[in-house]
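This report refers to the structure that appears directly beneath it.
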Amino acid sequence: MQTHTTLKMRVWIIFLLCLAGRAMAAPAEEEPIVEEPVPEEPVVEETEVGSNPVQVEVGEFDEAIEVAEDVVENPCLDHVCKKGKVCEVDESNTPMCVCQDPSTCPASEGEFEHICGTDNKTYDTSCHFFATKCTLEGTKKGHKLHLDYIGPCKYIEPCLDNELNEFPLRMRDWLKNVLVTLYERDEDNNLLTEKQKLRAKKIYENEKRLQAGEHSLDLLAHDFEKNYNMYIFPVHWQFGQLDQHPVDGYLTHTELAPLRAPLIPMEHCTTRFFEQCDADNDKYIALEEWAACFGIKDQDVDKAMVI
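The structure is reproduced here in structure tokens:
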């Protein structure tokens, strides 16, 4: 595959724009969100999610905590449980988290809510997936079960060696263009920190910058060689966007999910690429491994860039 369509490029940029906005809006350390009772009937604001499988909330992937809703007198009101669990009280009225029964999860409203697990099984919604994963805790099957990608499970064609070599060429270009797009739109949205804006501005104003669009792989490779410095920060920036739970300089399968899960149905080399990034096969991708996957030289890896 020599090039990808403009549509896929736009979809990809829209998704990472959403991801960046969510990451910037979140506090450095996640704290439980407790809903306070109000005298009037609360107004529920629904977050509209489009039918496009990549337009999803980041929270669908990380096993984040969620507040159990109940009456004020119930101790579960202030007790939090992670995805796949719900709060219940024991005989002494002590709150505890237990696995949610998958059958109690709401049914999906469309295929865009379906989840394909690493067990190659399609789950109706992320609720069904995490509830099922919880019931398998402590088992070998449960340890291996992760969210694989968005949408029903389907045949993913094998990634050939030459295709794997082409993947980072497009990925680097996407990340650079996403960062530039964020800079162009970030007037009052706080999508980037001041330090990030300064770095993105240098790329944006560089006359040698390859403009967004469809480009041959030869041109992408040539641009990376001639304008190498433009790609260093975007690669670091994306690592920092993903390294959130916790911020420790390593990416887990769960932290990678917001990036890889929507991408797999469109890019069949995604899984193999990230597996290759984990050079020591310890199930974690360190910043040095991440940078190496994108062709960034060892001497240019700087942990300060991801902050």
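Residues -25 to -1, 1 to 282, numbered by mature numbering (1 follows the signal peptide of the UniProt record, and there is no 0), are exactly what the sequence shown covers, in order.
In this text, a Cβ means the ideal position worked out from N, Cα and C, and glycines have one as well.
Computed from a predicted model, the values in this text were never measured in an experiment.
Query                                                                                                            : Result
Collapsed DSSP secondary structure at residue 201 in the structure displayed                                     : helix
Distance, residue 104 Cα to residue 72 Cα                                                                        : 17 Å
Under 9 Å between C-beta atoms of residue 244 and residue 112                                                    : no
4-residue-minimum alpha helix (DSSP H) runs that sit fully inside the region 212 to 246, ordered along the chain : 228 to 238
Environment of residue 159 [buried if 16+ CB atoms lie within 10 Å]                                              : exposed
Rounded Cβ spacing between residue 228 and residue 121 (contact assumed at less than 8 Å)                        : 5 Å
Residues sharing a beta bridge with residue 74, DSSP                                                             : 60
Residue 271 burial status per 10 Å Cβ neighbour count (16 or more: buried)                                       : buried
Exposure of residue 186, with buried meaning 16 or more beta-carbon neighbours within 10 Å                       : exposed
Residue closest to residue 199, alpha-carbon to alpha-carbon, out of 126, 143, 66 and 156                        : 143
Check whether residue 88 and residue 76 have beta carbons under 9 Å apart                                        : no
For residue 254, the residue or residues it bridges with in DSSP                                                 : None; residue 254 has no bridge partner.
As assigned by DSSP and simplified to three states, the class of residue 97                                      : strand
Pairwise C-alpha distance: residue 101 and residue 95                                                            : 14 Å
Spatial distance of residue 283 from residue 59 (CA atoms)                                                       : The question about residue 283 has no answer here: the residues shown for the chain are numbered -25 through 282.
Residue 166, DSSP secondary structure in three states                                                            : coil
Nearest candidate by alpha-carbon position, reference residue 131, set 241, 274 and 137                          : 241
Helix, strand or coil at residue 117 according to DSSP, with G and I counted as helix                            : helix
Any non-hydrogen atom of the ligand GDP closer than 8 Å to residue 166 Cβ                                        : The ligand GDP is not among the ligands present in this structure, which contains no ligands whatsoever.
7 Å CB neighbourhood of residue 234 in its chain, flanking five on each side removed                             : 217
Residue 139 - containing beta strand (DSSP E), residue span                                                      : First-last for residue 139: 136 to 160, but that is the alpha helix (DSSP H), not the beta strand (DSSP E).
Candidates 78, 238 and 276: closest to residue 126 by CA position                                                : 238
Reduced DSSP category for residue 194 - H, G, I as helix; E, B as strand; rest coil                              : helix
Proximal residues to residue 264 (C-beta, below 6 Å), its chain only, five neighbours per side dropped           : 252 and 254
Unbroken beta strand (DSSP E) run spanning residue 91, endpoints                                                 : 90 to 92
Cα-Cα separation, residue 280 to residue 151                                                                     : 15 Å
First through last residue of the alpha helix (DSSP H) which encompasses residue 122                             : Taken as a continuous stretch (DSSP letters only), residue 122 belongs to no alpha helix (DSSP H), being part of the beta strand (DSSP E) at 122 to 125.
Residue 175 in three-state terms, based on DSSP                                                                  : helix
Residue 204 at chain D interface by Cβ criterion, 9 Å                                                            : The displayed structure is made up of one protein chain only, and chain D is not part of it.
Exposure label - residue 197; buried when at least 16 CB within 10 Å                                             : exposed
As assigned by DSSP and simplified to three states, the class of residue 260                                     : strand
Whether residue 93 touches residue 119 by CB criterion (9 Å)                                                     : yes
Best match in 232, 269, 236 and 248 for proximity to residue 204 [C-alpha to C-alpha]                            : 269
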